[in-house]
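*Asks:* For the protein sequence lines, the chains are B and D, in the order given. Just so you know, numbering that gives the first Met the number 0 puts 64 at position 65 of the first sequence, and the rest follows in order with no gaps. Just so you know, numbering that gives the first Met the number 0 puts 210 at position 211 of the second sequence, and the rest follows in order with no gaps.
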Amino acid sequence: MFTFIHAADIHLDSPLTGLSQHDEAPTETIRVATRAALTRLVDFAITEAVDFVLIAGDLYDGDWKDFGTGISFNNEMRRLESQQIPVYLIYGNHDAESRVTKSLKLQDNVHVFSTKQAETVHHPTLPVSVHGQGFATQSVTENLAENYPAPTENRYNIGLLHTNLGDREGHGNYAPSSLPQLVAHGYDYWALGHIHIREIHHKHPHVVYSGNTQGRHVKETGPKGCYLITVDDDLETSNCEFVTLDSVRWENLGVDCGGMSTEHQVLEAVRNRLNAALTDADGRLLAVRITLTGNTELHEVLHAEHSRFRAECQSIGLDIDAELIWVEGLRLKTRTLINPEELAKQDDLTAFVLDALKAFDPNTLPAAVETLVRKIPPEATRALQSSLRPQGEPETETMRDEISAIVLQAIATSDSAE
Amino acid sequence: MRFDSLNIPAFGPFTSCSYSFESSSHDLHVIYGPNEAGKSSLLRGIHHLLYGFPASTDDDFLHEYKKLRIGATVSDGKQSLTFLRKKGNVGTLLDEKQNTIDEGRLKAFCGSVSPDFFSHMFGLSTETLRSGADSLLSAKGELGALLFAASAGGSPIESAIQKLQAEADKLFAGNGRKANTIVTAYAAVKEHEKVVRANTLSPSDWKKLNQEIESAQRDFDLKDEQLNNRRMRQTRVENLLKAIPLIHDLKTTHAALATIALPDLPSDFPARVTEANSTLTNAAALITEHESILLSKQSRLAEIEPFESIIRDAPELDSLHQTITQHLQDLQNVEDLAVKLKQLQREQEVQLQNLELTDRVNLTSLPNVGKQQLLGIRQLVESIAKVERERDQAQRDLNGTTRSVDKQQEKLAALGEAKVNDSLRQLSSEVEEHNKNSKVAATWLNKHDDNKVAFQQLANQLGIADLNPDEARKIQVPALTVVQQFQKDESQIKEDLRLSQKKLDDLKALAVEIEAEIRCGSDDVAVVTEQDLLDARTARDEHWNQISQKWVDKNPVEIEERKAFSLKIVQSDDIADTLRDHAETLGKITTLKHRLESNTVKQKQADQVVDRIKEKQTIFETEWRQQSSFLPERHFIPTELAAWLVVYENWLTLDADISKLENKLDAHQEKEHNLRGALQKSLQRDDESYAILSNCLTNTLIEAESVNGERKAIRVDIETLNADLSVQKEALAHAEQRLERALGDWAESIADLKINGSASRNIALNQLEERHTAHVTDRKISECAEQVESLAQRIGKYTEELEIFRDRHLPDSPVLDPANPDIAEKRLAELLASAQVRRTEHETLRGDIDQVVETVRAKERAKDAATTQIQKLMAEAKISSPEGLLDSITQFENRQHQQQKLDVTNAALINLAGSMGVEALIKEADAEESDSLHVEVRTLTEEIEGLQDHRDGARDVLNEAMKTRANLEKATDDAALAKQFSANSLASVITQSERFIRLQHSISFLRAQVEAYRKKSQGPMIEKTSQFFSTLTNGTFCGVGAQQDDDDPDQIVLVALRDSIDDPSGTPETLKTQALSEGTRDQLYLALRMAAIDIHLEHHAPMPLILDDVLMTFDDTRSKAFFHLIKELSLKTQVIVFTHHLHTAKMAEDFLPTGQILDIS
């Protein structure tokens, strides 16, 4: 029996994105989050005395040029070397563009597979053959797995591959492959990288994405880590155990405000939800987006005073534990209790405004927004696409709802006292 | 909706108040109340009443939260609702019995008017008027915003936009370089990126530095090794030089120890000797000192004077001392009591004179009157007076009622008798009954006419209009259930046919797909089966058997045959290869073929099913034709006929209803004819109209009923007066009885107290009070005399005791003066205090002497023990006299000193010897010459100095390189941190930009709406506002207008219009709002708001308009104009005006009935 670790998409020293800086922010924790995940991986490998470690690509983050990242990686590999634990590594699309990849001399225990053709490496002591090929360039579009060598007889065969299995939408068509193809190839275990969501696509033979080791933004929620694989004496994969490695846990917390009528109720619900999530995060820093849902009479005030409520949520996070909670943002998906038709009956003016709101077109940008777009960086503009150019009716409807809430609340609350 | 009344059990300053608002053509009401009367509370209360109390309210200052209640009756012309509102979260709307009722019932009256809209639109106060008027200035009259605000009930849209704009500006203020959030965040992104670039570590820098470090390390290691070798030798030589004198000392010490002959003694020997000698010496000295002290104290004890005699009397003397103050007070009290006694005796003399008595003996012979008894007598006198008054009143009432009865009897006699007989009454009830029936008959007639129209319509619809009604009634139609069954059967057949056909079509389509798939598979692979393989192998094996048999038979095998055999081998292998290599494809094709066969079978079955259903359809159509051909030239389908039958059923029902109604109407006509005849006869009139005759009968009866009613009323009055008369007689009798009883009690009382019966009740009462006072004074005199006696006894006893002790302890002093006893008492107290001091001193000295004697004894015991210890120590040191002990101690300490020296020397040598050992060191030192060693040390020192410089130089180079590497590592951490900060700042840019976009959309939208609303509503609003403004200003201004702003031509602004003085019929002058007086601005804004309300009411249900003290800046003429205007508005909706000015309320009287002016002060 032997064990090994399958990890991928470490993206060493990649920053975590989407978290606005504030005075009490635990920035140091998130700065080292990806490094910490690698350190935990190595700690775990040594503690468990695994027989080898697989890294299925995207060790680095493409545009990051700092050599310190490579030094950091080598330091960790040195620890594995001291325990005679070999590491098998392929480069992914992000590694292909990394300068660190080209200039770093790795430790002797780390085997990096060729990027020119698939090759096979035999474990020095175990009946294990690892087959793999790295990315030579950032955009490899051919099916690399097709040219992987045939399995070696009487050995446990592992395919190490950075691929977009089944051409998943939104992940770039890198080295595409299909599940039937991999299943039919004859290997015992396919250690895949590239997709950041862990998933066991097939068992016997195993086709597995380990996901990334540390979530980097709010779309990468939940526990992140690697798989510990156990292979029995008959060279059969007997167990796949997920091992958590992340030090920053991303969550998107939905808070149902249905029926709530006071701000206090909403904020208490947020507090309770944060407390529960913090418990689940088990001592990790919780990077959290709060999404309010449900039909509530507070819909208008929430939208009109979005900044204030976001600050309130951040304040609650700080109050609970400034070191362990970082509120990424507040999203409002509440629904109004106001029936526009009823409201329109009230007076001609309201009817007039509501009628105009139906025809509101969020794609016609006010001049001030046009100016803003010229002033902010392109990456911000890309992130703002759903606000600047809502696509399809759902996005347009959402935008219209938000503007509607702000406008109605502005009219309702502006009185002579202000 | 309007308020019929307000009912306020408990709210704000109101307790159990209710106000009703009478309905009239002008629904205008004025509520007057001075400041603090609660007008503002009432306005607030009305809002709570309609929409519920807020979570917290300040209106609980008089009534606690849970008791707050405000109620009303509201109506809308069709219905009304009386309700109460309580404080709470749910179920706060109550009916009159305080039961919870559904909010929907009130909402039906409020309609779509929300709480906010009600507050803004229908509740106008001084503050809102004032801020609205100010907005005329702040918005610079910008028309769109003003119209928008007025129509929104005063919410200034411009301030809403400004609020949004302010938030947006904080985020991003356009091209300017202001430090707003988004710009700052983006600057931070750039700044952090700069830090990233500056701190990024390149691989070449890192490698180069590492090479430098390795080189420096090697150089340092070499020089460090050389230096260490020299240093080690230097240390060795120095150690030898240090060891040489130590070795000499070692030997000297050993020799000195050998000379000391003292036996081994414990380490505490010197201390014990010293302690024993010290104890002995100290004990002797102390014994001598204490013996001297003892003698001194015994001498002082003998000198103390005696004190026992006076100490024995101490308790009694203390008692006298403690009571001397009371004794002196007793002497004073006796004097005071004597004065008081004389005063009382003088008062008694006066009282006896008033009672005409000669002395107090006569007083005691008269009965005493207690305080309670006196009170009872006084109440009896008052009671008698009260009963006398009641008796007089009863007499007056009786006389008045008797006169009223007489008057009513006279009026009754003056009224005549009315003449109405029973037959006329009977006829009246029949007419009344018939009239009631006539109303019903009218509805029958209407219904009959309606039914006839519907009857004809249905006949047309059924296509039987041309038939004779009797024929139409007799048509033989199938039952509806039968038709419905046909309908179901038809649907079922059609559905079955559709499904079967679809199934057949699907199967055919599937077959086409399967065939295509098989063709596709067959193109790639030759189609072979396991059976093909078995057959090929069988053929091959058989061929082999034939060939092998030929070989066995040694027959020749032809080349062609061999080729054929080879071909069979290849064929079977090919089939096997194909089966293995394309197992999946072949298996799939086989499966597809099976599916195709199965499909063909299913198609045949489906085809048969379709045929069967079509046969069934033919049978159905035949049967249906038989059922549905009852009308010539009309062919029905089942659905049509079912509907036709329902209509036909309705037609028949209608036909029956019409017949019934015609019968009823005929009967009613006949009855009216009969009644007309009877009326003509009874009333003796010739009128032909039944209605006229009926009215004539009614008037006759009413006239008769009126006279009867008046007589009846007078009789009832007389009965009531007679009843009053008997009650009043009873009351008079009762009063006289009570008076008699009271007078009897009085006579009895004064007889018991020996008062003259002829005296008036008040004089007798005065005498009794005087007697009571005299008795009280007499009792006080007796009590005072008793107190004097008691005090005299206590004074005598104290004086006697004091004299005894003075005589015993102060025999030489003068005899006691009873008037000044405190002199002797004071001297005795001083004598006692002095004796007590002496006694204390005596006891202290006795204690001290005992203690000193005990100390002397203890010291003697210590002295003996020390002597014994010295003898024991002498034995240990083996000496014969105590003087030798000091010499022993000297030898003991010398030996200890030498031993310590030996240990130090040994330790130093061990240290110097290091790992080689002390013996080897001594041996080496003995072998070396001291001088040559000194020379070597000097040489080594010079060498080391040179090597040290070289080594330090190499170390500095290495440290510098290491420091550089540490800096690079730190820089790389800084770069990563800056990268993270950059990402965080970018997140801020994105988050804030999202908000900014929404705010700008909202602002842009609102501005567009303001302008659009202006264009839409400008005309009607300006026209209406002009009209109202002209009225409010009594024509000073002829209206308002819209014109381009001078400063900003894109803006349309509101201006006031005034007729030109020079040319009144020409173009009016325009005045900007800024040029108007404060009051006129108020009136302009009020005109604007009322125009908005007026326009609103054109399309919405009425809602009460409440105006709270809006006339603050109105003079009397404009206030009157206001009432003119508001009175017009009150034709459309209820208007309630609050005012705190009495003269405004008075002014309102010119416009309203007094019932519509309420005073809540």
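Cβ coordinates follow ideal geometry from the N, Cα and C atoms, glycine included. These numbers were taken from a predicted model, which means no experiment stands behind them.
#1: Rank D:1037, D:1122 and D:1017 by C-alpha distance to the C-alpha of residue 1065 of chain D and give the top, closest one.
#2: Can you pull the chain E residues whose beta carbon is under 8 Å from the beta carbon of residue 992 of chain D, in chain order?
#3: Could you name each continuous alpha helix (DSSP H) segment of 4 residues or more that falls completely within the region 263-337 of chain B, going from the start of the chain to the end?
#4: Taking just the CA atoms, how far does residue 90 of chain B sit from residue 125 of chain B?
#5: What did DSSP end up calling residue 797 of chain D once you bin it into helix, strand or coil?
#6: Please list the residues of the region 1080-1109 of chain D that have a C-beta atom closer than 8 Å to any C-beta atom in chain B, keeping them in chain order.
#7: Kindly say whether residue 647 of chain D, judged by its beta-carbon, lies nearer than 8 Å to any beta-carbon of chain B.
#8: With a 10 Å radius around its C-beta and 16 neighbouring C-beta atoms as the bar for buried, classify residue 13 of chain B as buried or exposed.
#9: What are the residues in the region 202-227 of chain D lying within 7 Å of chain B by C-beta distance?
#10: Give a yes or no on whether the minimum CB-CB distance between residue 417 of chain B and chain D is below 8 Å.
#11: Beta-carbon within less than 7 Å of residue 594 of chain D's beta-carbon, same chain only, minus the 5 sequence neighbours each way: which residues are those?
#12: Let me know if residue 34 of chain B comes out buried or exposed under the rule of 16 or more other beta-carbons within 10 Å of its beta-carbon.
#13: Given a threshold of 16 other Cβ atoms within 10 Å of its Cβ, counted over all protein chains shown, does residue 635 of chain D qualify as buried or as exposed?
#14: Along chain D, which residues have their Cβ under 8 Å away from the Cβ of residue 341 of chain B?
#15: Out of D:117, D:910 and D:402, point me to the one whose CA is closest to residue 238 of chain D's CA.
#16: Could you tell me the alpha carbon to alpha carbon distance between residue 214 of chain B and residue 15 of chain B, rounded to whole angstroms?
#17: Do residue 122 of chain D and residue 1105 of chain D count as a contact pair if the criterion is CB distance below 8 Å?
#18: Determine which residues of the region 964-989 of chain D have a Cβ less than 9 Å from any Cβ of chain B, and write them out in chain order.
#19: Run down chain B in chain order and give the residues with a C-beta less than 7 Å from the C-beta of residue 962 of chain D.
#20: Output the residue ranges of the beta strand (DSSP E) runs that lie fully inside the region 182-258 of chain B and measure 3 residues or longer, sorted by chain position.
#21: Residues of chain D with CB closer than 9 Å to the CB of residue 30 of chain B, please, in chain order.
#22: For residue 64 of chain D, which of D:50, D:749 and D:84 has the nearest alpha-carbon?
#23: So with Cβ pairs under 8 Å, would you call residue 587 of chain D a contact of chain B?
#24: Got a sec: which bits of the region 16-28 of chain B sit with their beta carbon under 7 Å from any beta carbon on chain D, in order along the chain?
#25: Kindly indicate which three-state DSSP category residue 130 of chain B falls into: helix, strand or coil?
#26: Starting from the C-beta of residue 135 of chain B, find all residues in its chain whose C-beta is less than 8 Å away, skip the five residues before and the five after it, and write them out in chain order.
#27: What's the call for residue 1148 of chain D, buried or exposed, on a 16-neighbour Cβ count within 10 Å?
#28: Is the shortest distance between the beta-carbon of residue 348 of chain B and the beta-carbons of chain D less than 8 Å?
#29: Buried or exposed: where does residue 354 of chain B fall if 16 or more other Cβ atoms within 10 Å of its Cβ makes it buried?
#30: When Cβ atoms are compared, which residues of the region 292-307 of chain B fall closer than 7 Å to chain D?
#31: Where are the alpha helix (DSSP H) runs, 4 residues long or more, that stay fully inside the region 246-323 of chain D, in chain order?
#32: Identify every residue that forms a DSSP beta bridge with residue 30 of chain D.
#33: For the ligand ADP, is there any heavy atom lying closer than 7 Å to the beta carbon of residue 326 of chain D?
#34: Would residue 262 of chain B pass as an interface residue toward chain D - the criterion being a Cβ-Cβ separation below 8 Å?
#35: Does any C-beta atom of chain B lie closer than 8 Å to the C-beta of residue 1051 of chain D?
#36: Taking residue 176 of chain B and residue 5 of chain B to be in contact with their CB atoms under 8 Å, please state how far apart those CB atoms are, rounded to whole angstroms.
*Replies:* The relevant details are as follows:
#1: On the second sequence, position 1066 is the one that residue 1065 of chain D refers to. The residue with the shortest Cα to Cα distance from residue 1065 of chain D is D:1037.
#2: Here chain E cannot be found, since the structure's protein chains are B and D.
#3: Entirely contained in the region 263-337 of chain B, the alpha helix (DSSP H) runs reaching 4 residues are, in chain order, 298-303 and 305-320.
#4: Here residue 125 of chain B is taken as the residue at index 126 of the first sequence, counted from 1. Here residue 90 of chain B is taken as the residue at index 91 of the first sequence, counted from 1. For residue 125 of chain B and residue 90 of chain B, the gap between their C-alpha atoms comes out near 24 Å.
#5: Stepping through the second sequence from its first residue, residue 797 of chain D is reached at position 798. DSSP places residue 797 of chain D in helix when its eight states are reduced to three.
#6: Cβ contacts with chain B: 1094, 1095, 1098 and 1099.
#7: Taking the second sequence and counting its residues from 1, the one referred to as residue 647 of chain D is at position 648. Under the Cβ criterion of 8 Å, residue 647 of chain D is not counted among the residues facing chain B.
#8: Walking along the first sequence from the start, residue 13 of chain B turns up at place 14. Under the 10 Å beta carbon count, residue 13 of chain B is surrounded by 16 or more other beta carbons and is classified as buried.
#9: Within the region 202-227 of chain D, 202 and 205 place their CB atoms closer than 7 Å to a CB of chain B, listed in sequence order.
#10: As a first step, residue 417 of chain B must be located in the first sequence, where it is residue number 418. Note on residue 417 of chain B: pLDDT 33, under 50, position unreliable in the model; the coordinate value appears next. Using a Cβ-Cβ cut-off of 8 Å, residue 417 of chain B counts as an interface residue toward chain D, since at least one Cβ of chain D sits closer than that to its own.
#11: On the second sequence, position 595 is the one that residue 594 of chain D refers to. Excluding residues within five positions, the ones whose Cβ falls inside 7 Å are 513.
#12: By 1-based counting over the first sequence, the position of residue 34 of chain B is 35. A residue is called buried when at least 16 other Cβ atoms come within 10 angstroms of its Cβ; residue 34 of chain B meets this threshold and is buried.
#13: Along the second sequence, read from residue 1 onward, the residue named residue 635 of chain D stands at position 636. By the 10 Å Cβ count, residue 635 of chain D comes out buried.
#14: In the first sequence, residue 341 of chain B corresponds to position 342, counting from 1. Chain D residues near residue 341 of chain B: 111.
#15: Start at 1 with the first residue of the second sequence, and residue 238 of chain D comes out as number 239. Nearest of D:117, D:910 and D:402 to residue 238 of chain D, Cα basis: D:910.
#16: As a first step, residue 214 of chain B is located in the first sequence; it is residue number 215 there, counting from the start. As a first step, residue 15 of chain B is located in the first sequence; it is residue number 16 there, counting from the start. Spanning the two alpha carbons is a distance of roughly 8 Å.
#17: The count along the second sequence starts at 1 and reaches residue 1105 of chain D at position 1106. The count along the second sequence starts at 1 and reaches residue 122 of chain D at position 123. In this structure, residue 122 of chain D lies closer than 8 Å to residue 1105 of chain D by Cβ.
#18: Along the region 964-989 of chain D, the positions whose C-beta sits under 9 Å from a C-beta of chain B are 967, 968, 970, 971, 972, 974, 975, 976, 978, 979, 980, 981, 982, 983, 984, 985, 986, 987, 988 and 989, read in chain order.
#19: By 1-based counting over the second sequence, the position of residue 962 of chain D is 963. None at all; the shortest Cβ gap to chain B is about 17 Å.
#20: List check, beta strand (DSSP E) in window: 188-192, 198-201, 205-208, 224-230, 236-243 and 247-255.
#21: By 1-based counting over the first sequence, the position of residue 30 of chain B is 31. Near residue 30 of chain B (Cβ distances below 9 Å), the residues of chain D are 972, 975, 976, 978, 979 and 980.
#22: Taking the second sequence and counting its residues from 1, the one referred to as residue 64 of chain D is at position 65. Closest option to residue 64 of chain D, Cα to Cα, is D:84.
#23: In the second sequence, residue 587 of chain D corresponds to position 588, counting from 1. Not closer than 8 Å to any Cβ of chain B, the Cβ of residue 587 of chain D fails to qualify, so no.
#24: Correct list: 16, 17, 18, 19, 20 and 26.
#25: Translated into positions along the first sequence, residue 130 of chain B becomes position 131. In the structure shown, residue 130 of chain B sits in a strand (DSSP, three-state: E or B).
#26: Start at 1 with the first residue of the first sequence, and residue 135 of chain B comes out as number 136. For residue 135 of chain B, the CB contacts under 8 Å within the same chain, skipping 5 residues up- and downstream, are 95, 114 and 115 in chain order.
#27: What you label residue 1148 of chain D is simply residue 1149 of the second sequence in a count that begins at 1. Classification for residue 1148 of chain D: exposed.
#28: Locating residue 348 of chain B in the first sequence gives position 349, counting from the first residue. Chain D contact via Cβ: present.
#29: By one-based count along the first sequence, residue 354 of chain B stands at place 355. When all chains shown are included, residue 354 of chain B counts as exposed.
#30: Cβ contacts with chain D: 305 and 306.
#31: Correct list: 268-302 and 307-311.
#32: Counting from 1 along the second sequence, the entry for residue 30 of chain D is found at position 31. For residue 30 of chain D, which the question treats as bridged, DSSP gives the partners D:1137 and D:1157.
#33: Among the components modelled here there is no ligand, and therefore nothing to report on the ligand ADP.
#34: Residue 262 of chain B sits at position 263 when you count from the first residue of the first sequence. Judged by the 8 Å Cβ criterion, residue 262 of chain B is not in contact with chain D.
#35: For this step, residue 1051 of chain D is matched to residue 1052 along the second sequence. So no, residue 1051 of chain D is outside the interface.
#36: Numbered from 1 along the first sequence, position 177 holds the residue referred to as residue 176 of chain B. Numbered from 1 along the first sequence, position 6 holds the residue referred to as residue 5 of chain B. Here residue 176 of chain B is actually not in contact with residue 5 of chain B; their C-beta atoms are around 17 Å apart, not less than 8 Å.
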